[in-house]
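Participant: What follows is a structure written as structure tokens; I'll ask about it next.
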Amino acid sequence: MGGGCTSKAALMFLVLSMAVLPSTLATNYVVGDSADFEFTSPHTVAVVDQSAYLTCDASHPIVNDVSGSFTFTVTATGVYSFISAWEGDCNAGLSMQLVVA
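All the letters of the sequence shown, read from the start, carry residue numbers -26 to -1, 1 to 75 under mature numbering (1 follows the signal peptide of the UniProt record, and there is no 0).
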């Protein structure tokens, strides 16, 4: 599958970036705010801990949403990590962190 899968994953990250990151970058998130994710199958949005984020390990996510539409609500200050749990996506760059001060 080689470069084709990587290109598709990169394109999907671009689509997610366009849907999520502009509002994320332009907004100071506080407790109670939410971030909306829109994505297509087979991609997912997995909420993971810092270690899993750094290693792209989706084997024990806190949440792994496959619905195509996921809303994450900030419940406390800290760093929230998101990856796609679909094979190869995270290593291709389909990941992000949300920092809440």
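Where is the CB? At the ideal position from N, CA and C, for every residue including glycine.
So the alpha helix (DSSP H) Y27 belongs to, where does it begin and stop?
Facilitator: Q24 to T29
Participant: Near Q24, which residues of its chain fall below 8 Å by C-beta distance, leaving aside the five closest residues on each side in sequence?
Facilitator: V53 and S55, listed in sequence order.
Participant: Are the beta-carbon atoms of A9 and A59 separated by less than 8 Å?
Facilitator: Cβ atoms of A9 and A59: not closer than 8 Å.
Participant: Please name the residue, chosen from S41, G6 and T18, that lies closest to G62 on a Cα-to-Cα basis.
Facilitator: T18
Participant: Alpha carbon to alpha carbon, what distance is there between F11 and T45?
Facilitator: Distance from the CA of T45 to the CA of F11, rounded to the nearest whole angstrom, comes to 6 Å.
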